[in-house]
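Numbering (the working numbering), first residue to last: 636 to 762.
Given below as structure tokens:
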């Protein structure tokens, strides 16, 4: 998830500078920013689930001083297994959603590159 955030930061900055330099408006940049901000809640949920699953794993260790016995009919190990399973499922879903967002953001970058290429050709500049 950190790579996705880094990618969006880098391409967002590039879109901002390129759109400003070529006076393209801020539509592409705003769309990219919206894609990025829509991903944050899902990424944070994934991270919190991962931390929670790890905490339940540590608490389920018989040598742990926490002395966690589980919830209701579930043993500590079963609670940990449930959290790990949910964490994996959510992370897979978020990764798929990130892939869709990255693909769309890549299309935005390609659109800007195409427009910049067109402008440079019109101005007789090297492409």
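Glycine included, every Cβ here is placed at the ideal spot set by N, Cα and C.
Proximity winner among the options, relative to residue i (alpha-carbon distances)
i           : options            : result
residue 650 : 638, 668, 639      : 668
residue 643 : 664, 658, 697      : 664
residue 734 : 660, 674, 647, 709 : 674
residue 680 : 708, 722, 689      : 722
residue 727 : 678, 662, 648      : 678
N- and C-terminal bounds of the alpha helix (DSSP H) containing residue i
i           : result
residue 698 : Run containing residue 698: none; DSSP gives neither H nor E here.
residue 715 : 711 to 757
residue 642 : 637 to 656
Assigned exposure category for residue i - 16 Cβ within 10 Å defines buried
i           : result
residue 740 : buried
residue 637 : exposed
residue 646 : buried
residue 701 : exposed
residue 762 : exposed
residue 698 : exposed
residue 691 : buried
Rounded C-alpha distance that separates residue i from residue j
i           : j           : result
residue 640 : residue 654 : 21 Å
residue 694 : residue 671 : 35 Å
residue 658 : residue 689 : 49 Å
residue 709 : residue 748 : 55 Å
residue 724 : residue 714 : 15 Å
residue 652 : residue 731 : 29 Å
residue 660 : residue 704 : 59 Å
residue 729 : residue 756 : 40 Å
residue 759 : residue 656 : 17 Å
residue 706 : residue 712 : 10 Å
Distance cut-off 8 Å: residue i Cβ against heavy atoms of the ligand NAP
i           : result
residue 699 : No copy of the ligand NAP occurs in the structure displayed, which carries no ligand at all.
Query raised in the report: Would you call the segment 683 to 692 and the segment 708 to 718 touching, i.e. three or more CB-CB distances under 8 Å?
Result: yes
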